[in-house]
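K.L.:
The listed protein sequences derive, respectively, from chains H and L.
Numbering-wise, the first sequence is residues 0 to 303 according to numbering that gives the first Met the number 0.
Numbering-wise, the second sequence is residues 0 to 303 according to numbering that gives the first Met the number 0.
2 protein chains.
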Amino acid sequence: MSMALSEENSLALQDYLATRREWVERALAELPVWQQGASDRLVEAMRYSLLDGGKRLRPILLLASAEALGANAQPFLPFACALECIHTYSLIHDDLPAMDDDALRRGRATCHKQFDEATAILAGDALLTLAFELVAQPVAEVDPAVSLQLIALLARAAGMAGMVGGQMLDMVSEKQEISLSQLRKLHACKTGALIQASCITGAWLAGGAMVFRDRFAEYGSAIGLAFQITDDILDETGDSRLLGKATGQDQQSSKATYPRLMGLPQARREAEIQIERAEESLSGLGTAADPLRWLARYILTRNQ
Amino acid sequence: MSMALSEENSLALQDYLATRREWVERALAELPVWQQGASDRLVEAMRYSLLDGGKRLRPILLLASAEALGANAQPFLPFACALECIHTYSLIHDDLPAMDDDALRRGRATCHKQFDEATAILAGDALLTLAFELVAQPVAEVDPAVSLQLIALLARAAGMAGMVGGQMLDMVSEKQEISLSQLRKLHACKTGALIQASCITGAWLAGGAMVFRDRFAEYGSAIGLAFQITDDILDETGDSRLLGKATGQDQQSSKATYPRLMGLPQARREAEIQIERAEESLSGLGTAADPLRWLARYILTRNQ
């Protein structure tokens, strides 16, 4: 059975992604903090990396998860922006010479190449801090006690036992062979935790009960893993012009990847299994959850 | 008139600082997050820098500000720990080769010297994130809506228009001459904002009304500036064995300092003026505010 999206659903997804992306782009570009009178150079570096035309996957997952439960997601845009700030800071720091030492990101010079290392470190720090300033803004639709729980969830997903911890495992694993289960743990932390938090947060903001939050956690975990596997596959087989970054990087650095540890066909199959798992977690939800369903399929078949 | 502390008050202050420092040390050492199962290396680096016997000025200012308004400050220890996490992360990142390139901190190897640059960057990132996890924990004594406001305050003080912005100004100003007013702005952001936030947070947690929060903001701003001026003076005149770091660093790097821009006697006088301002901001408060009064005097006359 083909897991590709029908042309109709593919167009509907593109339309959905385009409108939600526009919400996010506008909200990011117009954050009141840009007027706070901070150092011009710092603001320039933050905006250079934040407003660079990324996919906005995490903010859109938050919005789509809230909408899947019938909510109007627009009031939750500050939370969506916070996720993108955290994602962007992590890319800036990961690209640093002491980390992955990347010169190119989304088709442009990385932050430390465009500015300098000190500025890139500080721009990352400032974006991480900004994320928490954003989620601490009161939102009329959200009980402050829920906001507090979401801040704790976000901090855990982004922190030592989540994204930062995953990056640490990644650095350590470059110097040694790791097993498939270690690779899974690494990715569950490094990319999975924040993607999962995006989905849970959307469901929670929409007033979803614990049982729903658990199902969105499952969805997020499945597509997070699928996203990482397809990322590895694209690095091996993809087109660097479409991706906007050099391919074959993992190969050169003898880094552990799913295709390398399982073989390419098995890695593809594993990604499909995760997408099936994602779809199952949404079973029983109505058409409002369709964008999440389409998105899962899209992750599987994307070429950039 | 001498602004030195009497021997009696000096002993009372030492006693106060020792007990509050012990509260903070224990709370930091026993944070539940150390058991979260993160990468051993990351946890080790975080604890290496966090549990290194610092002065704990910011946490103690929070506790003392709450106590000055008659509160029991122990329930607020998670907030106090968060301040120290943010302070420590800023030191780790400031010490990096791309920033101040320091090998020694508080008498020990800096984090990137003890571990490596990637680990130091990530340990800093994780400590900053941890701070927000800590302040998002519900505290029975604190209304969640107040907690949210305190998180926003903390993020602003630590972020692009506060501490990170100040460090950016500091990096930029190394390459050009700056004026005294620019130096004040730099320090108001780089060190003043977080010190001020510590005092405001303590007063706010204690239930202090806006008028009190404004007075603690004034106190924090004054001692923050005094602290920075005495830091510059100590760098010029201090004993590197007592300070646990190399002195004369600023001189070597031709960095702008108060002694350099105003002359040493005028810098000393300026620090005294700030301490008088700090004392005035506490006028009318009873003996519960004495530790804050003593602390102000102590900052002026410290030799480490």
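Backbone N, C-alpha and C fix where the C-beta goes; we use that ideal spot for every residue, glycine too.
Apply the 10 Å Cβ neighbour rule to valine 23 of chain H and answer buried if 16 or more other Cβ atoms are within range, or exposed otherwise.
P.N.:
With 16 or more Cβ atoms within 10 Å of its Cβ, valine 23 of chain H is classed as buried.
K.L.:
Spell out whether any CB of chain L is found under 7 Å from the CB atom of leucine 121 of chain H.
P.N.:
By this cut-off, leucine 121 of chain H is an interface position.
K.L.:
Measure the CB-CB distance between alanine 196 of chain L and phenylalanine 215 of chain L and report whether it falls below 7 Å.
P.N.:
Cβ atoms of alanine 196 of chain L and phenylalanine 215 of chain L: not closer than 7 Å.
K.L.:
Alpha carbon to alpha carbon, what distance is there between aspartate 230 of chain L and arginine 105 of chain L?
P.N.:
Rounded to the nearest angstrom, the two C-alpha atoms are 14 Å apart.
K.L.:
Using the Cβ count rule (16 or more neighbours within 10 Å means buried), how would you classify proline 258 of chain L?
P.N.:
Result: buried.
K.L.:
For alanine 255 of chain L and serine 172 of chain L, which I take to be in contact (beta-carbon distance under 8 Å), what is that distance rounded to the nearest angstrom?
P.N.:
The Cβ separation is near 6 Å, so the contact holds.
K.L.:
Can you list, in chain order, the residues of its chain whose CB lies under 6 Å from that of alanine 277 of chain H, leaving out five sequence neighbours each side?
P.N.:
Contacts found: Tyr218, Ala221, Ile222, Ala295.
K.L.:
Once the 5 residues before and after glutamate 140 of chain H are set aside, which same chain residues still bring their CB inside 6 Å of it?
P.N.:
Closer than 6 Å at the Cβ level, and outside the excluded window around glutamate 140 of chain H, lie Pro74.
K.L.:
What's the gap between the Cα of isoleucine 177 of chain L and the Cα of alanine 208 of chain L?
P.N.:
Each residue's alpha carbon lies about 38 Å from the other.
K.L.:
From the DSSP output, which residues share a beta bridge with alanine 70 of chain H?
P.N.:
DSSP, once it has assigned bridges, lists no residue as partnering alanine 70 of chain H.
K.L.:
One question on the structure: do leucine 90 of chain H and histidine 111 of chain H come within less than 7 Å of each other, judged by their Cβ atoms?
P.N.:
Cβ distance not < 7 Å, so leucine 90 of chain H and histidine 111 of chain H don't count as in contact.
K.L.:
According to DSSP, which residues form a beta bridge with alanine 108 of chain H?
P.N.:
According to DSSP, which records beta bridges pairwise, alanine 108 of chain H is partnered with H:Leu103.
K.L.:
What residues of chain H sit near phenylalanine 131 of chain L, judged by a beta carbon separation below 7 Å?
P.N.:
Near phenylalanine 131 of chain L (Cβ distances below 7 Å), the residues of chain H are Phe131, Ile150, Ala154.
K.L.:
Please list, in chain order, the chain L residues whose beta carbon lies closer than 8 Å to that of arginine 40 of chain H.
P.N.:
Under the 8 Å cutoff, chain L gives Met167, Val171.
K.L.:
Here's the rule: buried if 16 or more other CB atoms are within 10 angstroms of the residue's CB, otherwise exposed. What is arginine 268 of chain H?
P.N.:
The residue is exposed, with fewer than 16 neighbouring Cβ atoms inside 10 Å.
K.L.:
Quick check on the burial criterion: 16 or more other C-beta atoms within 10 angstroms. Buried or exposed for isoleucine 272 of chain H?
P.N.:
Exposed, since its Cβ has fewer than 16 Cβ neighbours within 10 Å.
K.L.:
Count the C-beta pairs between the region 123 to 143 of chain L and the region 51 to 67 of chain L that are closer than 8 Å, then say yes if the count reaches three, no if not.
P.N.:
With a cut-off of 8 Å, the region 51 to 67 of chain L and the region 123 to 143 of chain L do not count as touching, because too few Cβ pairs lie within range.
K.L.:
Say whether the region 33 to 50 of chain H touches the region 150 to 166 of chain L, bearing in mind that this needs 3 or more beta-carbon pairs closer than 8 Å, one atom from each stretch.
P.N.:
Yes: the two stretches touch, three or more of their Cβ pairs being nearer than 8 Å.
K.L.:
Where does methionine 162 of chain L sit, in a helix, a strand or coil, going by DSSP?
P.N.:
Methionine 162 of chain L falls in the helix class under three-state DSSP.
K.L.:
Note down the Cα distance separating aspartate 93 of chain L from aspartate 100 of chain L, rounded to an integer number of angstroms.
P.N.:
Using only the alpha carbons, I get a separation of about 8 Å.
K.L.:
If contact means a Cβ-Cβ distance below 7 Å, which residues of the region 194 to 205 of chain L contact chain H?
P.N.:
Residues: none.
K.L.:
Could you give the residue range of the alpha helix (DSSP H) that holds lysine 184 of chain L?
P.N.:
Taken as a continuous stretch (DSSP letters only), the alpha helix (DSSP H) holding lysine 184 of chain L covers 179 to 186.
K.L.:
Decide if glycine 262 of chain L is buried, meaning its Cβ has at least 16 other Cβ atoms within 10 Å, or exposed.
P.N.:
Exposed, since its Cβ has fewer than 16 Cβ neighbours within 10 Å.
K.L.:
Please list the partners that glutamate 116 of chain H has in chain L, where partner means a Cβ-to-Cβ separation under 9 Å.
P.N.:
Within chain L, the residues near glutamate 116 of chain H are Leu95, Pro96, Ala97, Met98.
K.L.:
How many angstroms separate the CA atom of leucine 281 of chain H from the CA atom of glutamate 132 of chain H?
P.N.:
If I take the Cα positions, the gap works out to 32 Å.
K.L.:
Given a cut-off of 7 Å on the beta-carbon distance, is the pair leucine 41 of chain H and glycine 164 of chain L in contact?
P.N.:
Yes, these two residues count as a Cβ contact at 7 Å.
K.L.:
Short of 9 Å Cβ to Cβ, which residues in the region 133 to 149 of chain H face chain L?
P.N.:
The region 133 to 149 of chain H vs chain L, Cβ under 9 Å: Leu133, Val134, Ala135, Gln136, Pro137, Asp142, Pro143, Ala144, Val145, Ser146, Leu147, Gln148, Leu149.
K.L.:
Please state whether the Cβ-Cβ distance between lysine 189 of chain H and glutamine 166 of chain H is less than 7 Å.
P.N.:
For lysine 189 of chain H and glutamine 166 of chain H, yes; Cβs fall inside 7 Å.
K.L.:
Straight-line CA distance for alanine 72 of chain L to proline 137 of chain L?
P.N.:
Taking the straight line joining both Cα atoms gives about 15 Å.
K.L.:
Measuring only between beta-carbons, confirm whether alanine 187 of chain H sits less than 7 Å from chain L.
P.N.:
False, the Cβ-Cβ gap to chain L never drops below 7 Å.
K.L.:
So threonine 128 of chain H contacts chain L; which residues on that side make the cut at Cβ distance below 8 Å?
P.N.:
By Cβ distance, chain L contributes Leu127, Ala154, Ala157, Gly158, Met159, Val163.
K.L.:
Expressed to the nearest angstrom, what Euclidean distance is found between the alpha-carbon atoms of glutamate 83 of chain H and alanine 65 of chain H?
P.N.:
Cα to Cα, the separation comes out at about 17 Å.
K.L.:
What are the start and end residues of the alpha helix (DSSP H) that includes tryptophan 22 of chain H?
P.N.:
Run containing tryptophan 22 of chain H: 6 to 28, per the alpha helix (DSSP H) assignment.
K.L.:
Looking at alanine 81 of chain L and alanine 151 of chain H, is the spacing between their C-beta atoms short of 7 Å?
P.N.:
Not a contact, by the Cβ cut-off of 7 Å.
K.L.:
Would you grab the beta carbon distance between leucine 182 of chain L and leucine 284 of chain L for me? Rounded to a whole angstrom, and I think it's under 8 Å.
P.N.:
Contact doesn't hold; Cβ gap of about 31 Å is too wide.
K.L.:
Note down, in chain order, every chain L residue with its Cβ under 9 Å from the Cβ of glycine 36 of chain H.
P.N.:
Within 9 Å Cβ-Cβ: Ala160, Gly164.
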